[in-house]
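Novice: As given, the protein sequences belong to chains H and E, one line each in that order.
Position 119 (the first sequence) corresponds to 119 in our numbering; numbering is contiguous.
Position 53 (the second sequence) corresponds to 1053 in our numbering; numbering is contiguous.
In this text, a Cβ means the ideal position worked out from N, Cα and C, and glycines have one as well.
Before we start, here is the structure in question, set down as C-alpha cells.
Number of protein chains: 2
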Amino acid sequence: MHAVLLQELKKHINLTAAEEELITASFRYKKVRKSQFLVQPPDIALYEHFVVSGCLMEYYLDDNGTQHTLIFAPEKWWTTDLHSFLKKEESRYYIEALEDTELLIITREALDNLLKEVPLLNNYFRILYQNAIMGLEERLLNVLSSKVEERYLRFLKKYPQLENRLPQYLIASYLGVTPEFFSRVKSRIHR
Amino acid sequence: MHAVLLQELKKHINLTAAEEELITASFRYKKVRKSQFLVQPPDIALYEHFVVSGCLMEYYLDDNGTQHTLIFAPEKWWTTDLHSFLKKEESRYYIEALEDTELLIITREALDNLLKEVPLLNNYFRILYQNAIMGLEERLLNVLSSKVEERYLRFLKKYPQLENRLPQYLIASYLGVTPEFFSRVKSRIHR
DNA sequence: AAAGGAACTTAACCTAGTTTAAGATGTTAT
DNA sequence: ATAACATCTTAAACTAGGTTAAGTTCCTTT
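So this is what it looks like as C-alpha cells:
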C-alpha cells in the first residue's frame, strides 16, 4: 500500500530505509466509497491526500450552484484544499470520491514533522508544487485563449485514463461549459 | 538594493549574517527600461527575477496574436517562465518591463547551489510556490465562474497599486476580455 | 421485470462578450 | 507646434456558449 507512495517519491528523490520507515509511519490508510466527501466546506481540510487507487475530484460550487472542477486526482495524484490545509481556515473547495478510492493521508502536523526529519522531502514537494503551478498556468491560458474543442483535446492528453471513467457532465465542468454545450461540441467533433 | 530581497525573505524564514552574504552574492543586479524584454520566446528563461522597483508582466501570445496576461509583477514579486527556467526548454511566455525596472536575478545553477548552502530557503520557495498555486486556483475559478465586473473588482483588490499605473488594455488582457468590452464594463460600473 | 431517476441529446431562443470601424483624446518625437 | 502614433470610447452587427425544455437512453433499486 505504502509502496506505491514510496515509488512515487523515489521518482524524484533518494531515500534510505530509515527514511522510508518514517514516511510509512506518517501516512495513514483510508478507504472511501464512491460519492463520499473527503473535504466539505466549511470544514477545515485536515489532510493532504495521496490517491493509491480510484479517483477524487476537487471542485468549487459557485453562488448559482454550478460546479467548477479544479482537478481530477486519479492514481498517484495528490490533492487537498491547499489554502485550508496550510492556514487551518475554512475550506472553500469540495473533495469528493468519484469511485471507491484508497488513500494515504497525512495531517499538517505530521507533515511538518516529517519534513524536519526527512528534509529531502522539501525537494519533492517543491517539485510537486512547481508542476502544479505549470499545470495551472497552462489551464488558465487554455480557458482564456482556446475554444472548447481544443480544451477537450488537451483534457484527453492530460488524463488519458479518465475519458471513459467519468460521466460527461464532469468533463464539461472541468472544461468550463454546460453539459448541453459539451454534448453539442462532441457531436461536432465526431463528424 | 539586496536589502529589499533580504527583508522579503525574512518575512518567512530567519537568516544568519553568513547566510545573508551567501544570498547577496548569488543574486545579480539588473536594470531595464520600459518595454524591454526579460524573456522572449523561444529563448530559454535564464533567471528567476525578483522585482526591486518598477513592474514586469508575464504573458502568452496566442496564435491570433492576442496577448494573455499571466501575472503582473510589481515591487517584491517574483517572476520567470517557470517551465523554461526549470527544464531549460524553450520559453513560451514573454516577460516584459512595463516601467523602468530594477531587478535582482539568479541563474538556475546559482539557485541550486544556494538552496544546498542555505537549505532553509527551500522553505521560503515552498511557501512562495504554495501561494502561487492558491492565487492561480482562485484566478482560474474567477474566469470560470465570474462576470467581468466581479473579476475587475478582484483585480483591484489584488493589485491596488497598479490601477492607475497600467494602460487599460493590459488590465483587459489580464481579465481575459477585449479592451473595447472592458471600456463598456467600466462605464457601466461608474453609473 | 418494472419503475424511477440519473445522464445524455437535440433544438429554439437568449446573452455576454467579440469584431469591425470610426471618432476622440493623449503622448512622444522632431 | 505639429506630425505620428498609441490609447480610449461608442456603437452596430455578429458568434460562442448559456438556458430552457422535451425526449431518449441508461442505471439502480425494488
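#1: Give a yes or no on whether the minimum CB-CB distance between E:Asn1123 and chain H is below 9 Å.
#2: Under a Cβ-count criterion, where at least 16 other Cβ atoms within 10 Å of its own Cβ denotes burial, should H:Asn64 be classed as buried or exposed?
#3: Out of H:Ser35, H:Leu166, H:Arg28, H:Leu175, which has the shortest C-alpha to C-alpha gap to H:Tyr94?
#4: Return the chain-ordered list of same chain residues with a C-beta closer than 6 Å to the C-beta of H:Glu180, the five sequence neighbours on each side being excluded.
#5: With DSSP as the reference, label E:Phe1072 as helix, strand or coil.
#6: Tell me, please, whether the CB atom of E:Thr1066 is closer than 9 Å to any CB atom in chain H?
#7: What residues match up with H:Val51 in a beta bridge as DSSP calls it?
#8: Which partner residues of H:Thr79 appear in the DSSP bridge assignment?
#9: Helix, strand or coil for H:Gln67 per DSSP?
#10: Just tell me which of E:Pro1042, E:Leu1104, E:Cys1055, E:Asp1062 has its CA closest to the CA of E:Asp1081.
#11: Might you give, ordered along the chain, the residues of its own chain that have their beta carbon closer than 7 Å to the beta carbon of E:His1002, omitting 5 neighbours on each side?
#12: Could you give the residue range of the beta strand (DSSP E) that holds E:Val1177?
#13: What runs of the beta strand (DSSP E), each 3 residues or longer, lie entirely inside the segment 5-48 of chain H?
#14: Are the segment 145-162 of chain H and the segment 1100-1115 of chain E in contact at 8 Å, needing three or more beta carbon pairs?
#15: Measure the C-alpha to C-alpha separation of E:Lys1030 and H:His190 and round it to an integer number of angstroms.
#16: Would you kindly report the start and end of the unbroken alpha helix (DSSP H) that includes E:Tyr1152?
#17: My output table needs one value for E:Leu1162: the three-state DSSP class, helix, strand or coil.
#18: Going by other Cβ atoms of all chains shown within 10 Å of its Cβ, with 16 needed for buried, is H:Thr178 buried or exposed?
#19: What are the residues of the segment 105-134 of chain H that lie near chain E, defined by any Cβ-Cβ distance shorter than 8 Å?
#20: Compile a chain-ordered list of the residues in the segment 1133-1163 of chain E whose CB is closer than 7 Å to at least one CB of chain H.
#21: Mind reading off the beta-carbon distance from H:His12 to H:Tyr124? Whole number of angstroms is fine, and I expect it under 8 Å.
#22: If we count the other Cβ atoms within 10 Å of its Cβ and call it buried at 16 or more, is E:Gln1161 buried or exposed?
#23: Hey, quick one: how far does the beta strand (DSSP E) through H:Tyr93 stretch, first residue to last?
#24: H:Leu82 touches chain E at which residues, Cβ-Cβ below 7 Å?
#25: Is DSSP giving H:Met1 helix, strand or coil here?
Specialist: Let me lay it out:
#1: yes
#2: exposed
#3: H:Ser35
#4: none
#5: strand
#6: yes
#7: Answer is H:Leu103, bridged to H:Val51.
#8: H:His49
#9: strand
#10: E:Pro1042
#11: Thr1024, Phe1027, Leu1104
#12: Segment: none, E:Val1177 is in no beta strand (DSSP E) and carries neither H nor E.
#13: 28-32, 37-39
#14: no
#15: 53 Å
#16: 1148-1158
#17: coil
#18: exposed
#19: Residues of the segment 105-134 of chain H whose Cβ lies closer than 8 Å to any Cβ of chain E, in chain order: Pro119, Asn122, Asn123, Phe125, Arg126, Tyr129, Gln130, Ala132, Ile133, Met134.
#20: Ile1133, Met1134, Leu1136, Glu1137, Arg1139, Leu1140, Leu1141, Val1143, Leu1144, Ser1145
#21: 5 Å
#22: exposed
#23: 93-97
#24: Gln1130, Ile1133, Met1134
#25: coil
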